[in-house]
Structures are given as structure tokens and as C-alpha cells.
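Written out below as C-alpha cells is the structure these notes cover.
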Amino acid sequence: MRTLLLCLLLAAAACQTKRPQPVDIEAADMCALCRMAVSEKPFAAEVIDAEMSVYKFDDIGCMLDFLRQGDRKDKAAARFVMDYESQTWIEAEQAHYVKSTEIRSPMASGLIALRERAAAERHAAKFKGQLLSWADLAK
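For the sequence shown, my numbering assigns the number 384 to the initial residue and increments by one for each residue that follows.
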């Protein structure tokens, strides 16, 4: 019985699909939308689709525009944004966003992403910006 249970657990674990993981930004990476170099890491974003194709962006705004084209939003398996402070990836749905005309992002979206709400509130005050969620941006 114990062996059967162990076999079932191993089989179930093997059948689980892994969530896509973010892919590092490389010096040669170009934005999938505007074709500019992804050179300012604090503003970077990426989408991984169901076929595991990776689309990198120099600005969160470019990623949002890309997702609004056709059925791309429905085909996205994962979306990641760069934490403005730590420059580490965050799942886009988990991030807190600040939008401000005082934020000089590569394509002028004025958007930054932060892992912690307190950090987002600090930056919203600093840049006189608006605090937003992924749901707000994805409308």
C-alpha cells in the first residue's frame, strides 16, 4: 500500500506543469513591440506564451500594448515585470504599479512596478503619481 501511494504521488508530481520562469535580460535584447534595445532594466517586462516563446519589452507600457493586440492576452502563460528598486522579476499580477508623468520610462508610459505596496506608496508620493494594480492596467 505504501509503495502504491508513493508511486501515485510521484506520478502526480510528474504530471504537474511548471509555471514559466522569467528569462534574464541580455545586452542584445530588443523590445518585441517598439524594437528598441531593452537597456534600462528597472523598466523591463516580459511575456511568455503557451508555446514558451519569450517576448521582452523595454517599457511596461509596451508589454501592455502588445497584450492588447489580437488574442495575445489570452495566450500569455506568464507575465513578468522588473521591480524598480531591486531589479528582480515579479509576476505582473503580484506587482504594485505607479504611474506618473514625472517617471521617465523608455517609451514614456510613466510606469514602474514594485514588489511591496509600501515601496509603491513611497514612489507614488515621490513622483506625485497614481498607485495602480495589474487589474487597473489590464483593462
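Yeah, the Cβ is synthetic: ideal placement off N, Cα and C, and Gly gets one too.
Report all residues from its chain with a CB closer than 7 Å to the CB of Phe510; omit the five preceding and five following residues, and keep chain order. Val481, Ser483, Glu485 and Ile486
Test item: CB-CB of Met324 and Ala460 under 8 Å: Because the chain is modelled from 384 through 522, residue 324 falls outside the range shown and cannot be assessed.
Roughly how many whole angstroms lie between the Cα atoms of Ala525 and Tyr438? Residue 525 is absent from the model: the chain starts at 384 and stops at 522.
Tell me whether Ile443 sits in a helix, a strand or coil according to DSSP, three-state version. helix
Closer than 7 Å by C-beta to Asp519: which residues in its own chain qualify, once you throw out the five before and the five after it? Chain order, please. none
If you drop the 5 nearest sequence neighbours on each side, which residues of the same chain put their C-beta closer than 7 Å to that of Arg402? Excluding its 5 nearest sequence neighbours in each direction, Arg402 has C-beta neighbours in its own chain below 7 Å: Ala461, listed in chain order.
Please classify Met435 as buried or exposed, where buried requires at least 16 other C-beta atoms within 10 Å of its C-beta. By the 10 Å Cβ count, Met435 comes out exposed.
Same chain, Cβ closer than 8 Å to Ile443, neighbours up to 5 away in sequence not counted: These residues qualify, in order along the chain: Phe426, Ala428, Val464, Tyr480, Ser488, Ser492, Leu494, Ile495, Ala496 and Leu520.
Do you know how far the Cα of Lys522 is from the Cα of Tyr467? 22 Å
Identify, in the order they occur along the chain, each residue of the same chain with its Cβ nearer than 6 Å to the Cβ of Leu387, setting aside the five sequence neighbours on each side. For Leu387, the pLDDT reaches just 44, beneath the cut-off of 50, and the residue's location in the model is therefore unreliable, although a value from the coordinates is still provided. In its own chain, leaving out the 5 sequence neighbours on each side, no residue places its CB closer than 6 Å to the CB of Leu387.
With a threshold of 7 Å on Cβ separation, who are the neighbours of Pro405 within its own chain once the five nearest residues in sequence on each side are excluded? Answer for Pro405: Glu429, Phe463 and Trp472, listed in chain order.
Pull the bridge partners of Phe463 from the DSSP assignment, please. According to DSSP, which records beta bridges pairwise, Phe463 is partnered with Glu429 and Glu474.
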